[in-house]
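Numbering (our numbering), first residue to last: 430 to 763. Glycine is no exception: its CB is placed at the ideal position from the N, C-alpha and C atoms. Below is one structure, written out as structure tokens; the observations come after it.
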Ligand SMILES: CC(C)(COP(=O)(O)OP(=O)(O)OC[C@H]1O[C@@H](n2cnc3c(N)ncnc32)[C@H](O)[C@@H]1OP(=O)(O)O)[C@@H](O)C(=O)NCCC(=O)NCCS
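Given below as structure tokens:
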């Protein structure tokens with residue numbers, strides 16, 4: 430048996446930004462009148478670090494927003510920005526990709542917002558203000574608090590926009606360093622994902638199968654930690670990546686390699702890797718995915734009382750689960 434070593438999946442991020450707190454211009458010019466609350470794009474590095482510390486103290490309610498701010502403070506490889514209702518006291522934090530990043534209005538994957546609020550009224554005011562959300566685009570809004578979806582739905586309905594919501598279980602590990610050490614099966618080799626694996630991930634991901642999802646997965650592989658197990662020919666048989674908001678996923682084991690403990694090992698290793706980088710170790714699991722729920726619980730992940738809300742505007746239809754896919758070249762079991 431070989432000893433598993435944790436590989437560093439992502440290099441330090443280049444290109445730190447140095448911009449200041451600034452009002453959102455379109456809000457100041459809003460047609461919604463003087464009652465429109467002023468919102469700030471928080472982009473000063475020292476203020477973003479302060480925000481990160483405050484959000485950390487409020488985990489796990491702040492998981493997705495904290496993960497995104499952490500990513501911004503590590504070099505912001507996916508060009509996210511932070512909106513707050515006021516500073517230094519804030520009642521709402523909304524993260525979104527910078528406008529110039531979402532060049533394609535139909536790119537639901539890149540166009541991901543995360544939200545945390547302390548005051549539902551302030552959240553309503555921010556979301557309803559011109560300029561906070563581009564309602565003309567496809568998007569996903571992620572949040573963990575009751576009310577996140579209701580407020581969004583309320584505002585969307587007033588605009589004649591239809592949203593969908595998917596609820597997941599949220600799992601969070603309070604101390605990944607306490608997870609047991611992993612011993613690897615000698616028939617597989619531990620590695621991190623490579624961009625050349627994006628096609629395989631895209632084929633197997635339930636939300637994948639199109640060019641936008643392929644590009645998104647390639648970006649995850651390029652910028653964020655991941656782990657995988659390679660067979661003797663060097664092809665991935667099991668993998669798990671991580672998202673710009675710090676959550677673990679998507680994870681997958683090829684059907685012919687399941688029930689050998691592979692995802693258990695990778696989940697353990699990635700949780701530790703993210704923890705070492707200062708991210709919380711967490712993820713979301715579909716309510717009907719019993720194997721993944723059992724796996725999380727066996728490993729000491731705690732199911733959170735709060736559900737994870739994925740609020741979707743114009744989602745692509747999800748693929749049916751791939752139960753018996755034809756093996757990718759070279760991945761067939763011996
Ligand atoms: C869920 C999935 C990743 C598990 O991968 P895996 O490599 O087979 O997982 P492991 O072998 O490490 O098994 C982990 C646990 O799940 C159980 N398990 C795995 N597959 C199972 C199945 N089909 N039915 C019941 N239990 C199952 C194992 O018995 C094990 O339980 P234990 O810890 O009590 O022994 C894999 O089935 C898969 O890729 N499914 C489709 C994609 C998916 O659901 N991804 C996760 C999204 S959150």
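**Message:** Which residue marks the beginning of the beta strand (DSSP E) containing residue 510, and which one marks its end?
**Reply:** Locating residue 510 in the chain shown gives position 81, counting from the first residue. Residues 509 to 513.
**When 472, 486, 491 are compared against residue 502, the one with the closest alpha-carbon** = Locating residue 502 in the chain shown gives position 73, counting from the first residue. Nearest option by C-alpha distance: 472.
**Request:** May I ask you to report which of helix, strand or coil DSSP gives residue 557?
**Result:** Along the chain shown, read from residue 1 onward, the residue named residue 557 stands at position 128. In the structure shown, residue 557 sits in a helix (DSSP, three-state: H, G or I).
**Asked** Does the beta-carbon distance from residue 583 to residue 555 come in below 9 Å?
**Response** Position 154 of the chain shown, counted from the first residue, corresponds to residue 583. Position 126 of the chain shown, counted from the first residue, corresponds to residue 555. Cβ distance not < 9 Å, so residue 583 and residue 555 don't count as in contact.
**Request:** With DSSP as the reference, label residue 637 as helix, strand or coil.
**Result:** Walking along the chain shown from the start, residue 637 turns up at place 208. Of the three classes helix, strand and coil, the one that applies to residue 637 here is coil, per DSSP.
**Request:** Check whether the Cβ of residue 690 sits closer than 8 Å to any heavy atom of ligand 1, and report yes or no.
**Result:** Here residue 690 corresponds to residue number 261 of the chain shown, with the count starting at 1. Yes - ligand 1 has a heavy atom lying nearer than 8 Å to the Cβ of residue 690.
**Distance, residue 529 Cα to residue 587 Cα** = By one-based count along the chain shown, residue 587 stands at place 158. By one-based count along the chain shown, residue 529 stands at place 100. A direct Cα-Cα distance of roughly 27 Å separates residue 587 from residue 529.
**Asked** Of all the CB atoms in chain C, is at least one closer than 9 Å to the CB of residue 558?
**Response** Of the protein chains in this structure there is only one, and it is not chain C.
**Prompt:** Can you give, in chain order, each stretch of the alpha helix (DSSP H) that sits fully within the stretch 470 to 530 and has at least 4 residues?
**Reply:** For the stretch 470 to 530, whole alpha helix (DSSP H) runs of length 4 or above, ordered along the chain, are 474 to 486, 492 to 502.
**Message:** Considering only heavy atoms of ligand 3, does any lie closer than 8 Å to the CB of residue 675?
**Reply:** Ligand 3 is absent from the structure shown, which contains only ligand 1.
**Classification of residue 475 by the beta-carbon crowding that lies within 10 angstroms, buried from 16 upward** = The residue labelled residue 475 in the question sits at position 46 within the chain shown. Exposed, since its Cβ has fewer than 16 Cβ neighbours within 10 Å.
**Where the beta strand (DSSP E) through residue 670 begins and ends** = Position 241 of the chain shown, counting from 1, holds the residue named residue 670. Run containing residue 670: 665 to 671, per the beta strand (DSSP E) assignment.
**Message:** Comparing C-alpha positions only, which one of 512, 550, 560, 566 sits nearest to residue 543?
**Reply:** Walking along the chain shown from the start, residue 543 turns up at place 114. Among 512, 550, 560, 566, the Cα nearest to that of residue 543 belongs to 512.
**Message:** Which residue wins for smallest C-alpha separation from residue 725, given the options 712, 491, 629?
**Reply:** What you label residue 725 is simply residue 296 of the chain shown in a count that begins at 1. Distances from the alpha-carbon of residue 725 to those of 712, 491, 629 put 712 closest.
**Request:** Classify residue 731 as helix, strand or coil using the three-state DSSP reduction.
**Result:** The sequence position of residue 731 within the chain shown is 302, counting from 1. Collapsing the DSSP output to three states places residue 731 in a strand.
**Item:** Residue range of the beta strand (DSSP E) that includes residue 577
**Value:** The residue given as residue 577 occupies position 148 in the chain shown. Where residue 577 is concerned, there is no enclosing beta strand (DSSP E), although the alpha helix (DSSP H) around it starts and stops at 577 to 587.
**Asked** Under three-state DSSP, which class holds residue 610?
**Response** Start at 1 with the first residue of the chain shown, and residue 610 comes out as number 181. Residue state, collapsed to three classes: coil.
**Prompt:** So is residue 468 buried or exposed if we call it buried at 16+ other beta carbons inside 10 Å?
**Reply:** Taking the first residue of the chain shown as position 1, residue 468 is located at position 39. Burial call: buried.
**Prompt:** For residue 614, which residues from the same chain have a beta carbon less than 7 Å from its beta carbon, with the 5 sequence-adjacent residues on both sides left out?
**Reply:** The count along the chain shown starts at 1 and reaches residue 614 at position 185. Counting only Cβ-Cβ distances below 7 Å, and skipping sequence neighbours, we find 689.
**Whole-Å CB distance - residue 552 paired with residue 521, under 8 Å assumed** = For the purposes of this step, residue 552 is identified with residue 123 of the chain shown, where counting begins at 1. For the purposes of this step, residue 521 is identified with residue 92 of the chain shown, where counting begins at 1. Correct: roughly 5 Å between the Cβ atoms.
**Message:** Report the CB separation of residue 620 from residue 649 in whole angstroms; it is logged as a contact under 8 Å.
**Reply:** Here the question's residue 620 lines up with position 191 in the chain shown. Here the question's residue 649 lines up with position 220 in the chain shown. Contact flag wrong, Cβ pair sits at about 16 Å.
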